[in-house]
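Enquirer:
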Amino acid sequence: MYTQEIQEKWQALRHKPDALVMGVESSCDETAAAVVRGGREILSNVIASQIDIHKRFGGVVPEVASRNHTLALPNVIDEALRVADVQASELDAVAVTFGAGLIGALLVGVSSAKAFAYAIKKPLVAVNHIEAHVAANYLADPALQPPFTALVASGGHTLLLDIPDYNAYVGLGGTLDDALGEAFDKVARVLGLPYPGGPNVERLARQGKANIAFYKHPKGVRNDLSVSYSGLKTAVVNHVHTLRQKGEKVPVADVCASFTAAAVDLLVKTAVEAVRRQCRQKLVLAGGVAANGYLRDRLAAAGKANGFTVQFPPPVLCTDNAAMVASRAYFMARAGLGLSDLSLNARSHIPFGGDL
Ligand code: KG4
Ligand code: ZN
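Residues in the sequence shown are numbered consecutively from 13, following the working numbering.
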């Protein structure tokens, strides 16, 4: 239950356009804390990446991620306050990603944020990770306002959403199986490229030709705006294994270019159809895969051809960070949504459109 004091601070926040919110993020392998003013202005955005720790395992090891969040988070929170030049007592709220993600990793952030908010007697806001990814665009473009369509492509999700208002997220379609980032990571792994695979596949794809047809995957946009990556991923893996079994050289750059083209082309067409159906004028990109230059270029060209604008955050705001969590919480708080208390728990899965 909330105390009278927290209730009063929460009410005051609704009428405070320049509210200072601290965000905390620990859903996967980045330990992050940030301070954001007015939902749009980043005062600090501290990210302690565990990539080097997980690299030697070829992917994120959940238990190792949780332990390293525990080690890093106190310093990351201190550093976020120091860089922002803000005292804890000046914050108006503490926001934390409570899902979706790795349950142990999320628990570290949720427990720390609960303890911190309790200690400094400030409201605690529970944030959905996917919604936070979309909010990264409010930081990148201070003039951005809904309505728009959003494409979220990360290691865990590939979703098309309609955003009619700051606090309305309507699922339109997305992957039926693997997330696009997951497919990038698996393709990288079979090619022996280091984790995280996406940036390495992108780097090599630039040097290759998209001249391999792995698999006759459907080229037309599906009526339910769904896409699928597990068939394509398996076809790439089989193609590489077959070449190795025959003792032939694997054309790594061409495999990367061909996979990227196949994976992105249908997603771009599906996104165009989503924008058209909702009669929106703008498409925003979010999530780690939104850092991919080929996806950005293809979407920008598709927007130009179809009369809508496309925007994407800089790469540091595409991948996991806490500034996006603080921004998302600000817009929730201004509408009186998302106030949480010490009963808040982490959730590994959150069905889209689901309540807290
Ligand atoms: O959003 P994010 O940092 O974490 C999740 O919420 O999953 O996304 C990480 C994913 C990884 O699968 C990574 O390989 C992918 O985003 N990624 C990329 C690129 N940069 C990161 N995929 C393709 N091209 C990139 N440049
Ligand atoms: Zn993410």
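Virtual Cβ for every residue (Gly too), placed ideally from N, Cα, C.
In this text the structure is predicted, and so the values were computed from the model without any measurement.
1) Going by DSSP, name the residue or residues bridged to Leu136.
2) Alpha carbon to alpha carbon, what distance is there between Phe324 and Ala225?
3) Distance, Cα to Cα, Lys258 vs Val252?
4) State yes or no: is the C-beta of Gly300 nearer than 7 Å to some heavy atom of the ligand ZN?
5) In the DSSP assignment, find the beta strand (DSSP E) that holds Tyr181 and state where it starts and stops.
6) Is Asp190 near the ligand MN, in the sense that its beta carbon is under 7 Å from a heavy atom of that ligand?
7) Return the chain-ordered list of same chain residues with a C-beta closer than 6 Å to the C-beta of Phe128, the five sequence neighbours on each side being excluded.
8) If you count every other CB in all the chains shown that lies within 10 Å of the CB of Gln290, and 16 or more means buried, which is it?
9) Given a cut-off of 8 Å on the beta-carbon distance, is the pair Lys21 and Lys134 in contact?
10) Do Asn304 and the ligand KG4 come close, with the Cβ less than 7 Å from some heavy atom?
11) Only counting the same chain, and skipping five residues up and downstream in sequence, which positions put a Cβ closer than 6 Å to that of Gly366?
12) Cβ of Asp197 within 8 Å of Cβ of Gly209?
13) Terminal residues of the continuous alpha helix (DSSP H) containing Arg49?
14) In three-state terms, what does DSSP make of Val72?
15) Using the C-alpha atoms, what's the distance from Ala265 back to Gly111?
16) Looking only at its chain, what residues have a beta carbon closer than 8 Å to the beta carbon of Arg310, apart from the 5 residues adjacent to it on each side?
17) May I ask whether a heavy atom of the ligand ZN can be found less than 7 Å away from the beta carbon of Ser355?
18) Nearest CA to the CA of Ala298: which residue from Asp104, Leu151, Pro86, Val122?
19) Along the chain, where does the beta strand (DSSP E) that runs through Pro176 open and close?
20) By how many angstroms is the C-alpha of Val202 removed from the C-alpha of Leu368?
21) Beta-carbon within less than 6 Å of Gly350's beta-carbon, same chain only, minus the 5 sequence neighbours each way: which residues are those?
22) Exposed or buried, Gln62, counting other C-beta atoms within 10 Å across all chains shown (16 or more means buried)?
Expert: Per the coordinate set shown:
1) Your numbering for residue 136 matches position 124 in the sequence shown. Val106, Ser352, per the DSSP bridge assignment.
2) Indexing the sequence shown from 1 puts residue 225 at position 213. Indexing the sequence shown from 1 puts residue 324 at position 312. Looking at the two C-alpha atoms, the distance is approximately 29 Å.
3) Counted from its first residue, the sequence shown places residue 258 at position 246. Counted from its first residue, the sequence shown places residue 252 at position 240. Each residue's alpha carbon lies about 10 Å from the other.
4) Start at 1 with the first residue of the sequence shown, and residue 300 comes out as number 288. Within the cutoff, so yes.
5) As a working mapping, residue 181 is identified with position 169 in the sequence shown. Looking at the DSSP string, the run of the beta strand (DSSP E) that includes Tyr181 is 180 to 187.
6) Within the structure as shown, the ligand MN is missing, the only ligands being the ligand KG4 and the ligand ZN.
7) Taking the first residue of the sequence shown as position 1, residue 128 is located at position 116. Excluding five sequence positions before and after Phe128, the CB atoms of its chain that fall closer than 6 Å to its own CB belong to Val106, given in chain order.
8) Translated into positions along the sequence shown, residue 290 becomes position 278. Result: buried.
9) The residue given as residue 21 occupies position 9 in the sequence shown. The residue given as residue 134 occupies position 122 in the sequence shown. For Lys21 and Lys134, yes; Cβs fall inside 8 Å.
10) Your numbering for residue 304 matches position 292 in the sequence shown. Checking the Cβ of Asn304 against the ligand KG4 gives yes.
11) Translated into positions along the sequence shown, residue 366 becomes position 354. For Gly366, the predicted model reports a pLDDT of 41, less than 50, meaning its position is unreliable and no value from the coordinates is stated.
12) Within the sequence shown, residue 197 is the residue found at index 185, counting from 1. Within the sequence shown, residue 209 is the residue found at index 197, counting from 1. Their beta carbons are under 8 Å apart, which means Asp197 touches Gly209 by this criterion.
13) Taking the sequence shown and counting its residues from 1, one reaches residue 49 at position 37. Segment 42 to 49 is the beta strand (DSSP E) holding Arg49; no alpha helix (DSSP H) there.
14) As a first step, residue 72 is located in the sequence shown; it is residue number 60 there, counting from the start. Val72: coil per DSSP, three-state reduction.
15) Here residue 111 refers to the residue found at position 99 when the sequence shown is read from its first residue. Here residue 265 refers to the residue found at position 253 when the sequence shown is read from its first residue. Distance between the alpha carbons of Gly111 and Ala265: 35 Å.
16) Taking the sequence shown and counting its residues from 1, the one referred to as residue 310 is at position 298. Excluding sequence neighbours, Arg310 sits near Val276, Asp277, Val280.
17) Here residue 355 refers to the residue found at position 343 of the sequence shown. Ser355 Cβ: outside cutoff for every heavy atom of the ligand ZN.
18) Position 286 of the sequence shown, counted from the first residue, corresponds to residue 298. Of the candidates Asp104, Leu151, Pro86, Val122, the one whose C-alpha sits nearest the C-alpha of Ala298 is Leu151.
19) Working through the sequence shown from its first residue, we reach residue 176 at position 164. Annotation for Pro176: the continuous beta strand (DSSP E) segment containing it runs 170 to 177.
20) As a position in the sequence shown, residue 368 is number 356, starting the count at 1. As a position in the sequence shown, residue 202 is number 190, starting the count at 1. The pLDDT assigned to Leu368 is 38, lower than 50, so where the model puts this residue is not dependable, and the model offers no usable value.
21) The residue labelled residue 350 in the question sits at position 338 within the sequence shown. Excluding positions up to five away in sequence, the list reads Val137, Ala138, Met344.
22) For the purposes of this step, residue 62 is identified with residue 50 of the sequence shown, where counting begins at 1. Around the beta carbon of Gln62, a 10 Å sphere encloses 16 or more other beta carbons of the protein chains shown; the residue is thus reported as buried.
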